[in-house]
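Visitor: Each residue of the sequence shown is one higher than the last, beginning at 1149 in the numbering used here. The beta-carbon is built from N, C-alpha and C at its ideal position, and this holds for glycine as well. The following block contains the structure, expressed as structure tokens.
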Amino acid sequence: MANKDPPPVLPISTPPTRRSPRRKPTVLALCALATTLAVYNTYLTSTVSTSNSTVQVQHIPLNAQQILGQCAALRATVGPSIDFLERQRSDRFEPGTPPILIRNATIWTGARNGTETVRGDLYLEQGIVKGIGYVSQSLYAHVESLVEVNAQGGWVTPGLVDLHSHLGIFSTPVLSGAYDVNSAHGPILPWLRSIDAFNTHDESIRLAIAGGVTSAQILPGSGNAIGGQAFMVKLRPTSERSPTSMMIEPPYTLNGTEFDPSQPLRWRHLKSACGENLRRYGNRMDAVWSFRSAYNEARKIKNTQDAYCAKVEAGLWNELQGQDYPDNLQWEALVDVLRGRVKISNHCYEEVDLDDIVRLTNEFQFPIASFHHASEAWLVPDVLKRTWGGTPTIAMFATKHRYKRESYRGSEFAARVLADNGIPVVMKSDHPVLNSRYLMFEAQQAHYFGLPQRLALGSVTSVPAAAAGMSHRIGILYEGADADVVLWDSHPLQLGATPRKVWIDGILQIGNDKEGVIVGKGKEDRAFQDVPDVPNWDAERENAIKYEGLPPLEGMREGGRVVFRNVRELWLRGQESIVPMFMATASEVGTEVVVENGKVSCIGRACMGGIDNARAFVDLRGGSISPSLMTFGSRVGLEEISGEPSTGDGAIYDPYSDDVPAILGDKAGLVRASDALQFGTRNALLANRAGVSYATSSLIAHESTISTASASINVGLSTTFRTGATHGLERGAVIKHVTALHVVISRSAPTSRIAGVSVSSQIATLRRLLLNAERSDTETGHWFKQAAKGVIPLVIDVASADIMVTLLKLKAQIEEERGSTLRMVFARATEAHLIASEIAQAKVGVILDPVRPFPQIWDERRILPGPPLTNDTELVTLMEHGVTVGIGVHGAWEAANTRFEAAWAGLESNGRIDRLQAHALVSTNLEKLLDLEGWLGDDGDLVAYAGGSAFDLSSKVTAVLSPGRGLVELF
């Protein structure tokens, strides 16, 4: 059932009206006055008649014309010239760029609030859009080097706009010498500029373009109340190769130049922040005072300027003798804020902080362009509407919530709730927090949870462009706009949608046919070109609002008989793999499946007699039942909020740098994750509601790979548990108390101030421990002996192919000396594709974490990115070499997205991974790698999806079937 659309949200998303150019009367009058004064400058004096007829001589300064220009500039308004769309060539045009004609396209323009879709052609010339829809041949009849592209009916959109990115200033691979996000020099720093730190060699830039991102706002970090000035850039590398040449409409203040009244005033951009991130400078009260103090200083300068210019324009020069035009280089950006010339991006999560900033805007009378992150904005729409100057846009994540206290009440329904209240919504990456390459995935998730198509597509194109004051040239396609265009292999909101070609300023960036990269194979079905028909979430959304972001997440448990109707697909666990038991053809209706005490007892028409006395009936509406999924790699179930140590296990002793207390009786202080399990955490329950009923969690903490340090080799012993269990003594709550032995082998964290332990020392320690260095009556001695004998899997978190090679040699040495076989598994394994054959030959398994690689640190720099940059992915490469592969996630919040991660993996394989194989990546393959097969077996959970399969955006989990617990959990 389709969701009812919310009321229209109207960002500036229509082309500017074309008008004949004309001068503003005020500017003309001031220019005339300046001309008159130019004559007086020759004599340096002027006479003025006063009211009592006395004559006063005015001493006019030599730079009076300059001063008048400065004063005239105070009245100027920001925006493009009124004839902007009449331009014939972009200011960013690169000579030699051939015109492009994209034929036979389905064009979502972004205009008319996202409702306009045009079928036809798109013509790009001299860096701008020259024609859309019906393109007359006369437009390109004069062209000799026209490049034609047949879109074959495929979707074309404007280039994506990432409103919140740290590309270039938090560049990858992250190195200590190129980390320029936050400043340590105080809470208020409006004079800093992100462009001064922009690294054009950031490897993430090309990856972002490969995801269709063509423009981004480069923000300073959120460690300061006012972190500095931001800049809008095009990601295309220019012939000049400089950061300056990548900027879009740099403000005239960039080089301190004087305002030219004949030129339009351009928007400036500023980053502000509030809340937890400012703790280094004090508490919330300190932070708000720092804002008020700074803006009061700016207000005094503004008022002084206004008073000064009033006297200038009245010709009262004598009263200004010895006075320069009042200005201050440190505070001039905030003065421009008060004059309404700056688009502020304000990092702000909670109700209290949002309310603080809204009051601040009314006290000093300045607008906020956008609140970012804003996890609780959806709970206080009326507060947002009280912002001085108009309601800000909200830039947010789709599902990344609960990672710190401020984000605890974030909701997947927030985007839709905001839209229902008429508030513009932007999906952003906060790159590298999320990989900017998958910005469209954020829009896809927002759409899945209820944001209508037009607003979901607008959230990464027209709405961020409007929030940045750039909608006259980016984020929307119309004649005169910049030629930033993406041709997709499927509907952009389809899971796994991938750009076939990307143009920036009309210059092809991705999709050169000569490179031979295949995109879209396996997506030939017409359904991939349609907008996904997503589930209805009205009840869940209303419940989320009712409970202010913390609705109950437990399902209703039913024992006895439960009947599922209209089931079109049934997969069950076999002895070694998943077995399809029923698959309806296109002409067949679904069947009935009877479940007794959580276990499938009957399939098909023969079940009609077993329907009597059923406790519940569930209509799956053409849905499916398949084995439950498993999540691996995060601390789900071991903590409630990753950024709050008090909600987790606490610090673990580091045997390299700490003295492990003797009372532990173990030199390495090896610990068990099962001892720290917490049941009922929101991340675990949300995973359960998303069909992920099993989790294998260890005490490794890497919400971000940047924080993965090499100091502690002994991470500990993982555990496997049911995400939906209420406590540890419940039947079937803990599947396996000790699942695997985990270690980390890695180079030092790039941003760490403390040097980590060398890789060679870590390998030497691992070798020693596997060769019986510690007594068997200690935890370390016992479990390393078990790993050396192959009794328990040894999971090594490692990214570098070079380190993996050393570990393969170590495996061979241990096996030869001990006469055993290690069950070694590489986790993370970013560079495993480089030695896929050797890994397979050594019978080592791999858990890719994450499955879509990102070169965040040095050990991960040699990635295999997949289409549209390479034909192969790391996953495909490993599988084709016979390696058993599973996939995992870093953050506990990601566990609920497991099925989407598996679906992406299959879709970007160009048809080489089918649905059964994709399912195995997050179920049976993980069970094999972690030696869990005998622990689940026929008692393994199943999941019922209404409206589709586990990998469809049309489906929704309605039940978890648990034979091991003898019940069905209904949602």
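Do I1366 and H1314 have their beta-carbon atoms positioned less than 9 Å apart in this structure?
Guide: As a first step, residue 1314 is located in the sequence shown; it is residue number 166 there, counting from the start. As a first step, residue 1366 is located in the sequence shown; it is residue number 218 there, counting from the start. Yes; because the gap between Cβ atoms is below 9 Å, this pair is in contact.
Visitor: Please give the ranges of any alpha helix (DSSP H) in the segment 1320 to 1392, keeping only runs that are unbroken, at least 4 residues long and fully inside the region.
Guide: 1352 to 1358
Visitor: When we look at the beta-carbon of A1687 and count the other beta-carbons within 10 Å, is it buried (16 or more) or exposed?
Guide: Counted from its first residue, the sequence shown places residue 1687 at position 539. Exposed, by the Cβ-count rule.
Visitor: Are D1823 and V1891 touching if we call contact CB-CB under 9 Å?
Guide: Counting from 1 along the sequence shown, the entry for residue 1823 is found at position 675. Counting from 1 along the sequence shown, the entry for residue 1891 is found at position 743. Result no, Cβ atoms of D1823 and V1891 do not sit closer than 9 Å.
Visitor: Quick one: using the 10 Å Cβ neighbour count with 16 as the cut-off for buried, is F1765 buried or exposed?
Guide: The residue you call residue 1765 lines up with position 617 of the sequence shown. Exposed: under 16 other Cβ atoms inside 10 Å.
Visitor: Exposed or buried, I1666, counting other C-beta atoms within 10 Å across all chains shown (16 or more means buried)?
Guide: As a working mapping, residue 1666 is identified with position 518 in the sequence shown. So I1666 counts as exposed.
Visitor: Spatial neighbours of I1893 within its chain, please: C-beta separation below 8 Å, excluding the five flanking residues on both sides.
Guide: In the sequence shown, counting from the first residue as 1, residue 1893 sits at position 745. Hits under 8 Å: S1858, I1861, V1907, Q1910, I1911, L1914, I1944, D1945, V1946, I1951, L1955.
Visitor: Going by C-alpha to C-alpha distance, which of T1254, S1293, T1263 sits closest to I1280?
Guide: Residue 1280 sits at position 132 when you count from the first residue of the sequence shown. The residue from T1254, S1293, T1263 with its alpha-carbon nearest to that of I1280 is T1254.
Visitor: Report the three-state DSSP secondary structure of F1439 (helix, strand or coil).
Guide: Your numbering for residue 1439 matches position 291 in the sequence shown. The answer is helix: DSSP assigns F1439 an H, G or I state.
Visitor: Classify A1799 as buried or exposed, calling it buried when 16 or more other Cβ atoms lie within 10 Å of its own Cβ.
Guide: Against the sequence shown, residue 1799 aligns to sequence position 651. A1799 should be labelled exposed.
Visitor: Which full runs of the alpha helix (DSSP H) of 4+ residues lie inside the segment 1572 to 1602, going along the chain?
Guide: 1587 to 1596
Visitor: DSSP on R1716, reduced to helix/strand/coil?
Guide: Indexing the sequence shown from 1 puts residue 1716 at position 568. In this structure, R1716 counts as strand in the three-state DSSP scheme.
Visitor: I'd like to check one pair, A1373 with S1438: are the Cβ atoms closer than 9 Å?
Guide: For the purposes of this step, residue 1438 is identified with residue 290 of the sequence shown, where counting begins at 1. For the purposes of this step, residue 1373 is identified with residue 225 of the sequence shown, where counting begins at 1. Cβ distance < 9 Å, so S1438 and A1373 count as in contact.
Visitor: Which value, in whole angstroms, describes the spacing of the CA atoms of Q1513 and V1226?
Guide: As a first step, residue 1513 is located in the sequence shown; it is residue number 365 there, counting from the start. As a first step, residue 1226 is located in the sequence shown; it is residue number 78 there, counting from the start. Their backbone Cα atoms lie some 17 Å apart in a straight line.
Visitor: Please name the residue, chosen from I1726, Y1551, L1603, that lies closest to S1790 on a Cα-to-Cα basis.
Guide: On the sequence shown, position 642 is the one that residue 1790 refers to. The option with the nearest alpha carbon to S1790 is Y1551.
Visitor: Less than 9 Å between the C-beta atoms of S1493 and S1523, yes or no?
Guide: Here residue 1493 corresponds to residue number 345 of the sequence shown, with the count starting at 1. Here residue 1523 corresponds to residue number 375 of the sequence shown, with the count starting at 1. For S1493 and S1523, no; Cβs fall outside 9 Å.
Visitor: Is C1750 helix, strand or coil when you go by DSSP?
Guide: As a working note, residue 1750 is residue 602 in the sequence shown. Of the three classes helix, strand and coil, the one that applies to C1750 here is strand, per DSSP.
Visitor: When we look at the beta-carbon of D1583 and count the other beta-carbons within 10 Å, is it buried (16 or more) or exposed?
Guide: The count along the sequence shown starts at 1 and reaches residue 1583 at position 435. Correcting the residue type first, residue 1583 is Asn in the shown sequence and not Asp. N1583 should be labelled buried.
Visitor: How far does the alpha helix (DSSP H) with P1529 in it extend, from its first residue to its last?
Guide: The residue given as residue 1529 occupies position 381 in the sequence shown. Start and end: 1529 to 1532.
Visitor: Which residues in the same chain as L2017 place their Cβ atom closer than 6 Å to its Cβ, once the five residues preceding and following it in sequence are excluded?
Guide: Counted from its first residue, the sequence shown places residue 2017 at position 869. Counting only Cβ-Cβ distances below 6 Å, and skipping sequence neighbours, we find A1358.
Visitor: Tell me the DSSP secondary structure of A2107 in three-state form.
Guide: In the sequence shown, residue 2107 corresponds to position 959, counting from 1. Residue state, collapsed to three classes: strand.
Visitor: So if DSSP puts K1884 in a beta bridge, which residue, or which two residues, is it bridged to?
Guide: Looking up residue 1884 in the sequence shown gives position 736. DSSP lists T1868 as partners of K1884.
Visitor: So, G1654 versus E1234, is the Cβ gap smaller than 9 Å?
Guide: Residue 1654 sits at position 506 when you count from the first residue of the sequence shown. Residue 1234 sits at position 86 when you count from the first residue of the sequence shown. Result no, Cβ atoms of G1654 and E1234 do not sit closer than 9 Å.
Visitor: Return yes when the Cβ of L1970 is within less than 9 Å of the Cβ of G1938, no when it is not.
Guide: Counting from 1 along the sequence shown, the entry for residue 1938 is found at position 790. Counting from 1 along the sequence shown, the entry for residue 1970 is found at position 822. Yes; because the gap between Cβ atoms is below 9 Å, this pair is in contact.
Visitor: What residue range does the beta strand (DSSP E) around M1778 cover?
Guide: Stepping through the sequence shown from its first residue, residue 1778 is reached at position 630. First-last of the beta strand (DSSP E) with M1778: 1777 to 1780.
Visitor: Quick test of your reading: V1748 and L1720, contact by CB under 8 Å. State the CB separation rounded to the nearest angstrom.
Guide: Here residue 1748 corresponds to residue number 600 of the sequence shown, with the count starting at 1. Here residue 1720 corresponds to residue number 572 of the sequence shown, with the count starting at 1. Between the beta-carbon of V1748 and that of L1720 there is about 7 Å, and that keeps the pair under the 8 Å contact cut.
Visitor: Given this structure, state the Cα-to-Cα distance separating Y1188 from S1390, to the nearest angstrom.
Guide: Start at 1 with the first residue of the sequence shown, and residue 1188 comes out as number 40. Start at 1 with the first residue of the sequence shown, and residue 1390 comes out as number 242. Unreliable positioning characterises Y1188 in this predicted model, as indicated by a pLDDT of 40, which lies under 50. A coordinate reading is not provided.
Visitor: Quick check on DSSP: helix, strand or coil for E1787?
Guide: In the sequence shown, residue 1787 corresponds to position 639, counting from 1. Correct three-state label for E1787: strand.
Visitor: Give the DSSP bridge partners of C1496, in chain order.
Guide: Taking the sequence shown and counting its residues from 1, the one referred to as residue 1496 is at position 348. Residue pairing for C1496: DSSP places it in a beta bridge opposite H1521.
Visitor: Using only the alpha-carbon positions, how far apart do Q2004 and R1354 sit?
Guide: Counted from its first residue, the sequence shown places residue 2004 at position 856. Counted from its first residue, the sequence shown places residue 1354 at position 206. Rounded to the nearest angstrom, the two C-alpha atoms are 14 Å apart.
Visitor: Counting only runs that start and end within the segment 1930 to 2005, where is the beta strand (DSSP E) found for 3 or more residues in a row?
Guide: 1942 to 1946, 1972 to 1976, 1993 to 1996, all fully within the segment 1930 to 2005.
Visitor: Going by C-alpha to C-alpha distance, which of V1784, F1780, R1553, S1410 sits closest to A2040?
Guide: Along the sequence shown, one-based indexing puts residue 2040 at 892. When only C-alpha atoms are compared, the closest one is V1784.
Visitor: Can you tell me whether Q1989 is buried or exposed, with buried defined as 16 or more other CB within 10 angstroms of its CB?
Guide: Numbered from 1 along the sequence shown, position 841 holds the residue referred to as residue 1989. With fewer than 16 other Cβ atoms within 10 Å, it is exposed.
Visitor: Do H1981 and G1781 have their CB atoms nearer than 9 Å?
Guide: Against the sequence shown, residue 1981 aligns to sequence position 833. Against the sequence shown, residue 1781 aligns to sequence position 633. Taking 9 Å as the Cβ cut-off, H1981 and G1781 do not qualify as a contacting pair.
Visitor: What separation, rounded to the nearest whole angstrom, lies between the Cα atoms of D2144 and G2036?
Guide: This structure cannot settle anything about residue 2144, because the visible part of the chain is limited to 1149 through 2119.
Visitor: To the nearest angstrom, how far is the alpha carbon of G1537 from that of W1415?
Guide: Position 389 of the sequence shown, counting from 1, holds the residue named residue 1537. Position 267 of the sequence shown, counting from 1, holds the residue named residue 1415. Rounded to whole angstroms, the gap between the alpha carbons of G1537 and W1415 is 16 Å.
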